[in-house]
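Residue numbering for the sequence shown follows full-length UniProt numbering, starting at 1 and increasing by one per position. We treat Cβ as the ideally placed atom computed from N, Cα and C, and that holds for glycine. Notes to accompany the following structure.
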Amino acid sequence: MTNDKPAGGYDPTPLPPSNGPTYIVKITFHSATNLPIADFGSGSADPFILAQVKTSHKVRHSHDPYLRWRSKTIRKCLEPSWESSWVIAGVPADGLDLSARIYDEDPSDHDDRLGKVELHTGNIDEGWKGIQKQEYKVKKTGADLRAYTARWVCTIVGKKELHARLTLSIEVLGKTRKEDDVGKAYTISNFWWIHFSPLIGRLAGVKGKNDKGVEKYNFQANEIQLTGPVPNDLYHRYVEFKTFVGGMFEATGLRGRILNKALHHQHERIYNFDRQTTYGENRDSTQKELTLKFLEMCHYDQGGRIFTYVLTLDGLLRFTETGKEFGIDLLSKHTMHSDVNRYIAWSGEFLIRRLAHSDQSSTATHPPDPVSGGPPKDEPPKDPSMYELIIDNDSGTYRPDKKLIPVLTDFLKKNFVGIRVRVMACDDDKLSKIKDDQRKIKSKEGDHMVFGQTSSVSSLADGDGGSISSSDEEDLERRAREEDEGQGEGTTRGKLDKGVEALENPKDTLKEAVDGVKDKSGRTGKKEREQAEERDDQA
Numbered sequence: 001m002t003n004d005k006p007a008g009g010y011d012p013t014p015l016p017p018s019n020g021p022t023y024i025v026k027i028t029f030h031s032a033t034n035l036p037i038a039d040f041g042s043g044s045a046d047p048f049i050l051a052q053v054k055t056s057h058k059v060r061h062s063h064d065p066y067l068r069w070r071s072k073t074i075r076k077c078l079e080p081s082w083e084s085s086w087v088i089a090g091v092p093a094d095g096l097d098l099s100a101r102i103y104d105e106d107p108s109d110h111d112d113r114l115g116k117v118e119l120h121t122g123n124i125d126e127g128w129k130g131i132q133k134q135e136y137k138v139k140k141t142g143a144d145l146r147a148y149t150a151r152w153v154c155t156i157v158g159k160k161e162l163h164a165r166l167t168l169s170i171e172v173l174g175k176t177r178k179e180d181d182v183g184k185a186y187t188i189s190n191f192w193w194i195h196f197s198p199l200i201g202r203l204a205g206v207k208g209k210n211d212k213g214v215e216k217y218n219f220q221a222n223e224i225q226l227t228g229p230v231p232n233d234l235y236h237r238y239v240e241f242k243t244f245v246g247g248m249f250e251a252t253g254l255r256g257r258i259l260n261k262a263l264h265h266q267h268e269r270i271y272n273f274d275r276q277t278t279y280g281e282n283r284d285s286t287q288k289e290l291t292l293k294f295l296e297m298c299h300y301d302q303g304g305r306i307f308t309y310v311l312t313l314d315g316l317l318r319f320t321e322t323g324k325e326f327g328i329d330l331l332s333k334h335t336m337h338s339d340v341n342r343y344i345a346w347s348g349e350f351l352i353r354r355l356a357h358s359d360q361s362s363t364a365t366h367p368p369d370p371v372s373g374g375p376p377k378d379e380p381p382k383d384p385s386m387y388e389l390i391i392d393n394d395s396g397t398y399r400p401d402k403k404l405i406p407v408l409t410d411f412l413k414k415n416f417v418g419i420r421v422r423v424m425a426c427d428d429d430k431l432s433k434i435k436d437d438q439r440k441i442k443s444k445e446g447d448h449m450v451f452g453q454t455s456s457v458s459s460l461a462d463g464d465g466g467s468i469s470s471s472d473e474e475d476l477e478r479r480a481r482e483e484d485e486g487q488g489e490g491t492t493r494g495k496l497d498k499g500v501e502a503l504e505n506p507k508d509t510l511k512e513a514v515d516g517v518k519d520k521s522g523r524t525g526k527k528e529r530e531q532a533e534e535r536d537d538q539a
């Protein structure tokens with residue numbers, strides 16, 4: 001008997017257990033000195049750190065992502081002080097390899113590389129003395145030539161030291177608890193990013209209020225780091241419902257490379273770091289601050305919102321508002337949110353509802369019921385026990401296994417303390433009614449902050465969105481058939497359809513097709529940059 005299901009979805013590959021005790025390690029990035037000028041207009045820089053950790057733990061697949069962490073950006077400063085920490089559990093006794101790259105943030109162009117620090121801790125245990133505010137020379141290997149041109153000149157005339165310095169600390173906080181020692185290292189510190197885009201907001205008709213209460217066009221994308229470990233059972237690969245999907249995720253073949261690059265650029269644009277981006281850390285051990293921040297990102301129960309999300313293998317939750325009733329071709333749903341990662345923990349959609357009573361037994365909720373004491377007439381209460389999170393596995397890209405719903409439920413309850421968590425399967429008829437009720441409230445109470453995600457493959461190649469995935473398997477198959485059949489005569493065809501046709505047939509239109517989807521500015525995308533840097537490191 002053959003299996004008719006396409007490859008992908010839940011992957012049961014086990015993760016090898018740890019070989020011995022593991023430890024909780026805190027890495028603190030204190031400051032940097034003598035950074036080169038990256039912005040010659042202001043004679044300064046906007047530095048941030050992008051750190052990566054590797055350990056001796058074995059991985060399930062070679063494409064599993066490394067642990068990564070980003071610091072906040074310090075504006076117009078050559079002597080930045082971050083004082084930001086990254087706490088990792090599950091670090092084996094033979095320590096970790098740390099790579100910390102310093103960049104100059106430049107949203108209008110590409111982020112300039114200002115150098116890197118690399119170190120290995122050596123063996124660690126509870127008695128390890130650690131690294132206490134040690135200063136490291138920032139290697140200029142791989143740094144942007146422009147940033148060091150003026151520095152070299154100053155060094156030659158004897159007025160400036162060539163290298164920058166980075167000060168950091170590393171300490172062991174204790175052993176990883178036995179029940180949390182799951183054969184991998186993972187992030188346990190909590191932080192969040194909120195990204196805003198006025199341009200995308202104007203294109204999508206999305207408005208929001210700034211900190212002064214002034215309403216402006218602004219689209220919001222959210223990232224919130226949950227406390228690990230993400231259960232090892234939550235491990236899902238993209239579903240290869242058609243051969244071009246595999247090429248897209250693996251960046252193989254001309255069509256696959258075009259799609260892959262377009263999606264990376266979409267992710268960069270939606271989760272863009274600039275002066276409007278806000279950052280915060282959770283220092284409350286009870287997790288209540290994290291829960292309230294999550295509710296704030298979701299605007300509590302205001303406006304009947306529905307969100308599309310992806311949960312990464314390290315517990316980073318990325319989400320934006322969605323609305324299938326809007327025909328705005330800009331996002332590509334879960335593929336974009338995952339940054340075209342082959343493996344994730346879970347994906348789908350979710351919504352927030354306010355309970356009539358905080359005893360969690362309430363059946364009346366807003367939406368859809370007119371529950372007093374909150375929106376639309378009053379401010380939302382700041383009590384997590386007044387809210388319910390309804391979250392599903394509605395993702396055609398990764399198709400999370402509904403048998404694992406209890407595992408996800410336990411993980412979310414540990415992180416969102418106080419909220420009533422309800423995980424549902426996408427084929428549950430009750431869920432369809434809940435979402436329909438939510439959309440009806442959106443039409444009545446919504447403030448036009450929905451950001452639509454449609455399923456046009458054509459618009460994806462434009463770099464303007466479209467969904468290569470769908471919540472509905474029939475829609476996936478429909479799009480796969482359209483790919484084979486050319487969508488029929490008389491159908492409006494987008495750049496991807498024309499591009500693929502040109503790439504596979506007439507040579508004289510190849511240049512036009514490729515130019516239609518490549519980045520016209522010639523800039524290197526973040527993903528391509530990181531891949532190049534990893535190759536440099538390996539060399």
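- Counted as a single uninterrupted DSSP element, the beta strand (DSSP E) harbouring residue 222 occupies residues 219–225.
- Shown here, residue 364 sits in coil according to DSSP, grouped into three states, outside any helix or strand.
- A direct Cα-to-Cα measurement between residue 102 and residue 108 gives close to 18 Å.
- DSSP places residue 311 within a strand segment (E or B) once states are collapsed to three.
- Taking residue 251 as the centre and dropping the five residues before and after it, the same chain places the C-beta of 257 and 260 closer than 6 Å to its C-beta, in chain order.
- Within its own chain, the residues whose Cβ lies closer than 7 Å to the Cβ of residue 76, once the five positions on either side in sequence are excluded, are 42, 44 and 46, listed in chain order.
- For residue 409, the enclosing alpha helix (DSSP H) starts and ends at 405–415.
- Here the alpha carbon of residue 68 sits roughly 40 Å from the alpha carbon of residue 368.
- The criterion of a C-beta distance shorter than 8 Å is satisfied by residue 399 and residue 9.
- Looking at the backbone, the Cα of residue 376 and that of residue 318 are separated by about 26 Å.
- The Cβ neighbour count for residue 283, taken over all protein chains shown within 10 Å, is under 16; the residue is labelled exposed.
- Within the same chain, and ignoring the five residues on either side of residue 245 in sequence, no residue has its Cβ closer than 6 Å to its Cβ.
- The C-beta of residue 40 has fewer than 16 other C-beta atoms within 10 Å across all chains shown, which makes the residue exposed.
- Taking a C-beta distance under 8 Å as the contact criterion, residue 416 and residue 291 qualify as a contact pair.
- By the Cβ criterion, the segment 344–360 is in contact with the segment 295–314, since at least three pairs of Cβ atoms, one from each stretch, lie closer than 8 Å.
- Between the alpha carbons of residue 335 and residue 241 lies a gap of roughly 14 Å.
- With a cut-off of 8 Å on Cβ pairs, the segment 76–93 is in contact with the segment 15–35, counting three or more such pairs.
- In the displayed model, residue 32 falls within a strand according to three-state DSSP.
- Rounded to the nearest angstrom, the Cβ distance from residue 89 to residue 183 is 12 Å, too far for a contact under 8 Å.
- Residue range 429–445 is occupied by the alpha helix (DSSP H) that includes residue 443.
- Note that the C-beta distance between residue 439 and residue 390 is not below 8 Å.
- Exposed is the label assigned to residue 7, since fewer than 16 other Cβ atoms lie within 10 Å of its Cβ.
- From the listed residues 37, 53 and 60, the smallest Cα separation to residue 13 is found for 60.
- Judged by beta-carbon spacing, residue 36 lies within the 8 Å limit of residue 164, meaning their Cβ atoms are closer than that value.
- Counting only the Cα atoms, residue 53 lies some 19 Å from residue 113.
- When DSSP reads this structure, residue 335 sits in no beta bridge, so it has no partner.
- Here residue 396 is buried, its C-beta having at least 16 other C-beta atoms within 10 Å.
- In this structure, residue 117 lies near residue 100, with their beta-carbon atoms less than 8 Å apart.
- For the 8 Å CB-CB criterion, residue 135 and residue 167 form a contact.
- Each residue's CA atom was taken as its position, placing residue 38 and residue 123 some 37 Å apart.
- The beta carbons of residue 185 and residue 278 sit no closer together than 8 Å.
- Here residue 174 is bridged, per DSSP, to 24.
- Residue 137: member of the beta strand (DSSP E) spanning 131–137, first to last residue.
- Separation of the CB atoms of residue 98 and residue 51 is rounded to 7 Å, and the pair is thereby assigned contact status at 8 Å.
- Per the C-alpha coordinates, the member of 234, 364 and 393 positioned closest to residue 15 is 234.
- For residue 426 and residue 333, the gap between their C-alpha atoms comes out near 16 Å.
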